[in-house]
Every structure is written in structure tokens, then in C-alpha cells.
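Undergrad:
Below is the structure:
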């Protein structure tokens, strides 16, 4: 049976418009992107097949374009549409990272950095540069590594902070494993950066480790 033969209130697109996106299953939401199925299966059937092959929604959406291309029924047009939607979502979540935003609440920084860094398949070290009232000057991703490490150079962080005339910084990096627990090396690089930036009176307000379930604040752990 084609989706067009389903009761109107059960078709994914109509169901979304009538009940809201939260009423749809993962397969139904994905089916809206796919629009059509394949011979002998509806778009929802195809979406379920892709979710199974991709290891679930999170794994599918976090996969590289090359891996995504190997999913059943995921042609170039569908892949481009899905990747564009993912990037729109990321940009929407990160839109508050605008110059002049006061980061007076630790949760605010955590939410913004999580929107940028969570789910990346490689490690990224980033920095929020702040003025003396803790308003955002700039956000930069300074270093990118492999799946389990990123080389961080204090001299480069110091150089960028001085170029931005920053009075304070918030450091952050993600753990591709999804586990946000700080490692020994995370504590070590934090101490090195606190010392290097402190030489020119630039404060390190926090270092956030981003994982799948949220973030861990080294400042809250008393590690700064």
C-alpha cells in the first residue's frame, strides 16, 4: 500500500502538520525527507531500513557523507537534502554565538558549545573569546584532531586571544566517544593554558568537555 492510500491523518507529512513533529517516529520524520520509497516499500519502510542499516538515528545522522551514500535508497539528492537540513539545525542552535552576547551563565556557554561540537567524529578544540564584561567577542575552532586526540598549542591560543584583545576565555573540546569525563591530558592542557594566558592577565573562566549527554565543567570540578 502506498502512503497516499493511508488515512490522511496517518501520512507523515499530514500528521506532522496536524499534530506537530514530536508526534512522529524517527522513521516517519526521515520519510518526509525521502518523499518516496522504492519498489514494494513505502517511504516509511525505506526509512526504517535506512535506520537499521545506519545503526539508529543518531549514528545515521552523525555518519560521514561517504557512509551515508551507502545506505539503501540514499541517492545524491536525498543525501544533499538531509545534510543541508542537519547544517541548518546546527546553525540554528549556534545562532546565539553572536558578538556582544553576555555569557554570564555557565549553562549558556555549555549549550552554545554543545550545539557546535557534539556529535563530531573527530576531536575539536575551540575557544570563546570574551571582553572584560564577559561578552562574546568571537568563537573559533582552533585545533582539529583524530578520533581521540587534538594537539593544542598554548602559544596559538595566546596569540588569538591577544589579537581579539580578549580579557577572558572559555575553552572547550569534544570527546568523539560521547563520554564527557575529562582525561588526565584534559586537566594537563588546562593547567598549561591557565598559566600561559595568566602571564598576560587573560582569565580562563572554564574548560568544557562536550559529550553526547551534555558537558562537564572543569571549573565546577575545581580544576581551574
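Numbering (UniProt numbering), first residue to last: 1 to 224. Glycine residues also receive a C-beta, built at the ideal position from the N, C-alpha and C atoms.
Would you mind stating whether residue 103 and residue 134 have Cβ atoms separated by less than 9 Å?
TA: Stepping through the chain shown from its first residue, residue 103 is reached at position 103. Stepping through the chain shown from its first residue, residue 134 is reached at position 134. Cβ atoms of residue 103 and residue 134: closer than 9 Å.
Undergrad: Measuring alpha carbon to alpha carbon, tell me which residue in 148, 140, 149 is nearest residue 156.
TA: Locating residue 156 in the chain shown gives position 156, where the first residue counts as 1. If we check each option's Cα against that of residue 156, 140 comes out closest.
Undergrad: Please report how far the alpha carbon of residue 8 lies from the alpha carbon of residue 209, in whole angstroms.
TA: What you label residue 8 is simply residue 8 of the chain shown in a count that begins at 1. What you label residue 209 is simply residue 209 of the chain shown in a count that begins at 1. Summary for residue 8: the model assigns pLDDT 49, below 50, so the residue's position carries little reliability; its value from the coordinates is reported in the next sentence. Looking at the two C-alpha atoms, the distance is approximately 46 Å.
Undergrad: Between the alpha carbons of residue 124 and residue 142, how many angstroms are there, rounded?
TA: By 1-based counting over the chain shown, the position of residue 124 is 124. By 1-based counting over the chain shown, the position of residue 142 is 142. Straight-line Cα distance between these residues: approximately 8 Å.
Undergrad: How far does the alpha helix (DSSP H) with residue 35 in it reach, from first residue to last?
TA: Mapped onto the chain shown, residue 35 falls at position 35. Where residue 35 is concerned, there is no enclosing alpha helix (DSSP H), given that its DSSP letter is neither H nor E.
Undergrad: Using only the alpha-carbon positions, how far apart do residue 41 and residue 48 sit?
TA: What you label residue 41 is simply residue 41 of the chain shown in a count that begins at 1. What you label residue 48 is simply residue 48 of the chain shown in a count that begins at 1. Going by the C-alpha atoms only, they are around 10 Å apart.
Undergrad: With residue 44 and residue 69 assumed to form a contact (beta carbons below 8 Å), what rounded beta-carbon distance in angstroms separates them?
TA: Walking along the chain shown from the start, residue 44 turns up at place 44. Walking along the chain shown from the start, residue 69 turns up at place 69. Actually they do not touch by this definition, with Cβ atoms about 21 Å apart.
Undergrad: What are the partner residues of residue 269, as DSSP defines its beta bridges?
TA: This structure cannot speak to residue 269, because the chain is shown only from 1 to 224.
Undergrad: I believe residue 168 touches residue 189 by the beta-carbon criterion, under 8 Å. Please report the beta-carbon distance rounded to the nearest angstrom.
TA: Along the chain shown, read from residue 1 onward, the residue named residue 168 stands at position 168. Along the chain shown, read from residue 1 onward, the residue named residue 189 stands at position 189. Not really, about 18 Å apart at Cβ, beyond 8 Å.
Undergrad: Leaving aside the five residues before and after residue 79 along the sequence, list all residues of the same chain whose C-beta is less than 8 Å from its C-beta, in chain order.
TA: Against the chain shown, residue 79 aligns to sequence position 79. Hits under 8 Å: 65, 68, 69.
Undergrad: By the DSSP assignment, the beta strand (DSSP E) with residue 185 in it spans what residues?
TA: In the chain shown, the residue the question calls residue 185 occupies position 185. Segment 184-198 is the alpha helix (DSSP H) holding residue 185; no beta strand (DSSP E) there.
Undergrad: Let me check one thing: in DSSP terms, what residues is residue 126 bridge-paired to?
TA: The count along the chain shown starts at 1 and reaches residue 126 at position 126. According to DSSP, which records beta bridges pairwise, residue 126 is partnered with 141, 172.
Undergrad: Just the C-alpha distance for residue 15 and residue 30, rounded to the nearest angstrom, thanks.
TA: As a first step, residue 15 must be located in the chain shown, where it is residue number 15. As a first step, residue 30 must be located in the chain shown, where it is residue number 30. When rounded, the distance between both Cα atoms is 13 Å.
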